[in-house]
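Here the structure comes first, spelled out in structure tokens, and everything after it is commentary.
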Amino acid sequence: MLDAKFVRAEPEKVRQALVYKNCDPTLLDQFLLLDEKRRGLLYEVEKLKAERNTVSEQIAQMKREKKDAAAEIERMREVSQRIKEMDSELSELEQKLTDVLMNIPNVPHESVPLCKDDTENKIIRCEGEKREFDFEPVPHWELAAALDIIDFERGSKIAGSGFILYKGLGAKLERSLINWMLDVHTLEHNYVEVFPPFLINRRSMIGTGQLPKFELDMYHTDKDDDLFLDPTAEVPVTNIFMDEILDGRELPINLTAYTACFRREAGAAGKDTRGLLRVHQFDKVELVKFCTPETSYDEHEKLLADAEDILKRLRLPYRVVLLSAGDMSFAAAKCYDLELYAPGVDKWLEVSSCSNFEAFQARRANIRYRPGPGAKPEFVHTLNGSGVALPRLVVSILENYQQPDGTVEVPDVLRPYVGAEVIA
RNA sequence: GGAGAGGUGGCUGAGUGGUCGAAAGCGGUCGCCUGCUAAGCGAUUGUACGGUCAUAAAGCCGUACCCCGGGUUCGAAUCCCGGCCUCUCCGCCA
1 MLDAKFVRAE PEKVRQALVY KNCDPTLLDQ FLLLDEKRRG LLYEVEKLKA
51 ERNTVSEQIA QMKREKKDAA AEIERMREVS QRIKEMDSEL SELEQKLTDV
101 LMNIPNVPHE SVPLCKDDTE NKIIRCEGEK REFDFEPVPH WELAAALDII
151 DFERGSKIAG SGFILYKGLG AKLERSLINW MLDVHTLEHN YVEVFPPFLI
201 NRRSMIGTGQ LPKFELDMYH TDKDDDLFLD PTAEVPVTNI FMDEILDGRE
251 LPINLTAYTA CFRREAGAAG KDTRGLLRVH QFDKVELVKF CTPETSYDEH
301 EKLLADAEDI LKRLRLPYRV VLLSAGDMSF AAAKCYDLEL YAPGVDKWLE
351 VSSCSNFEAF QARRANIRYR PGPGAKPEFV HTLNGSGVAL PRLVVSILEN
401 YQQPDGTVEV PDVLRPYVGA EVIA
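Under my numbering, think of the first position of the first sequence as 1, with each following residue one higher.
Here it is, written out as structure tokens:
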């Protein structure tokens, strides 16, 4: 959520954000109109409340002196009635105002290309060499089926399409990757590991910006519980400090978490759905940072480097893409995607989005810090990035490390975890 | 699932329907003092929204906030109802 004062002061920046992030541009005018109305009404009702407070005090005084206050009480009865009516009108206005504000996206950082779609995304750099094959590389679903490490049919049988059953060394590879990535981030990148709940309440989903706009993308339990299945560890981990005031001296706080992630992927039907490319449940190791506004863009680069390090250590070819405004998420101010090359499907696959949300999430989730002793609390800046998401990483490993006989070499760094040099 | 207790400021913890934004302590900040440190003394110390000012800061004025939402009342931290959460005991269970 943006600061109402910012929207008032910089309407043109907000209008631009609405246009380039493909949101309803009239939201700005709705906001300004409602805001104006609200301030007028607020002034009126507060005047009445001030009167009520003074007269109530007089009544108390008169009662103490045993004087008759019947006339004042009668008058205040009417004033209170009036206040009640105006208050309910006001809270209706405020509800509308919040609804509007909640649907206004974050403003892109000045370094972000202004474009409504992905056509102006910038490839910042490519890392690692694409492997030269002296045979025709096959897609991961063929490799996995032949090696019997993923059973797509039985996964579907249990849950539905887009749900994966890993087997044998496939399951072990998955578990190894999770453990290895967590070890790298905690032991070498200075993150603290957390293991959050996988079911999340509505308030938290609003806090990070998944709601109210994207409710249909989420799995939701029945009305009595009103809980959502974790779509990304960003949600439970960012909300750890909801409604708290952090000590500025503790910042930056770096957290990493493994969670399963659940997404309905409504509206993505038929697109890249083969094999592991787009699934409803997947594993992910996430990186989350809380920092001061002064350092958030430096921390953003560090976050990117920490995620990239995983891909470098696995010696996989990838590229770094700076997303344009229209391709970024609703809450982000700036975002880099990491895309791994997968030779079997001959595609660049997104395995991480590293975003700086500035104070957008912190304002919604009410996460503040005290810059110094006795100083006023300020909103923190929050950042997160996948470090990294598993299915497409597995795709890239299988397809890049495949051998002519259909077996797959295990990357060096994973061998102690998998306990094998080859998946055969 | 059943029974009970409770949710107060950065923290601990009092609290009477009106003089409570809220005692006290801790912590923080500023100053004094002790030649350093520790201790001591004095003062100060919540947040949000709106207004005033020049849509700067400070100041000043107002309103709201003692878990959340309703209600009673001229007036609610205080009384009533609903919800959420925490703790204890029992049940069930990994």
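No residue lacks a Cβ here, since even glycine has one placed at the ideal position from N, Cα and C.
For residue i, is the classification buried or exposed, using 16 other Cβ atoms within 10 angstroms of its Cβ as the cut-off for buried?
| i | result |
| --- | --- |
| T119 | exposed |
| S88 | exposed |
| P373 | exposed |
| T221 | exposed |
| G458 | Look at the range of the chain in this structure, 1 to 424, and you will see that residue 458 is not part of it. |
| L457 | Lying outside 1 to 424, the shown extent of the chain, residue 457 is not represented and no answer is given. |
| A389 | buried |
| D247 | exposed |
| D327 | buried |
| F228 | buried |
| G453 | No answer is possible for residue 453: the residues shown for the chain start at 1 and end at 424. |
Residue i: which of the options sits nearest, CA to CA?
| i | options | result |
| --- | --- | --- |
| I253 | L90, S156 and F290 | F290 |
| S396 | K49, L276, P105 and L27 | L276 |
| L93 | E294, Q30 and R125 | Q30 |
| D151 | D134, L169 and P137 | L169 |
| C126 | T292, L311, L165 and A50 | L311 |
| E234 | E78, F195 and E36 | F195 |
| Y336 | D68, K347, V351 and L143 | V351 |
| I59 | R77, L42 and M242 | R77 |
| Y43 | L90, R131, K157 and R263 | L90 |
| F360 | S111, P293 and D327 | P293 |
| W141 | I164, A305 and T238 | I164 |
| R82 | V45, H109, T98 and R8 | V45 |
| A305 | E10, H109, V184 and L41 | V184 |
| A171 | I158, E153 and I149 | I149 |
Residues in the same chain with beta-carbon distance under 8 angstroms from residue i, minus the five sequence neighbours each way, listed in chain order, please.
| i | result |
| --- | --- |
| L349 | L277, E339, L340, Y341, A342, R392, V395 and S396 |
| L27 | L18, V100, N103 and I104 |
| L448 | Residue 448 is absent from the model: the chain starts at 1 and stops at 424. |
| E308 | E127, Y318, V320 and L338 |
| K63 | A69 |
| I240 | V194, P196 and L255 |
| M242 | R203, S204, G207, A365, N366 and I367 |
Could you name the residues of the same chain whose beta carbon sits closer than 7 angstroms to that of residue i, not counting the 5 residues immediately before and after it, in chain order?
| i | result |
| --- | --- |
| P411 | L314, R315, I397 and Y401 |
| K37 | L93 |
| V79 | L48, E51 and R52 |
| A375 | none |
| E244 | I367 |
| K96 | L34 |
| R202 | L211 and D226 |
Find out if the Cβ-Cβ distance for the pair residue i, residue j is shorter than 8 angstroms.
| i | j | result |
| --- | --- | --- |
| D425 | I200 | Look at the range of the chain in this structure, 1 to 424, and you will see that residue 425 is not part of it. |
| E399 | P137 | yes |
| D283 | A266 | no |
| K116 | N22 | yes |
| L147 | V408 | yes |
| T232 | E286 | yes |
| G385 | L323 | no |
| H280 | G162 | yes |
| R264 | Y297 | no |
| P113 | A362 | no |
| Y425 | L182 | The structure shown does not extend to residue 425, since the chain spans only 1 to 424, so no value can be given for it. |
Ordered along the chain, which non-local residues of its own chain (more than five positions away) have a Cβ less than 6 angstroms from that of residue i?
| i | result |
| --- | --- |
| L211 | M205 |
| V107 | K13 and A17 |
| T186 | E193 |
| G406 | A146 |
| V345 | P139 |
| L32 | none |
Cβ contact (3+ pairs, closer than 8 angstroms) linking the segment 351 to 371 and the segment 331 to 339: yes
Looking at C-beta atoms only, is the number of pairs between the segment 407 to 421 and the segment 357 to 371 that lie closer than 8 angstroms three or more? Because the criterion of three Cβ pairs below 8 angstroms is not met, the segment 407 to 421 and the segment 357 to 371 do not touch.
Counting pairs of beta carbons, one from the segment 188 to 203 and one from the segment 247 to 261, are three or more of them closer than 8 angstroms? yes
Given 8 angstroms as the limit, is there contact between the segment 68 to 76 and the segment 42 to 58, that is, 3 or more CB pairs closer than that? yes
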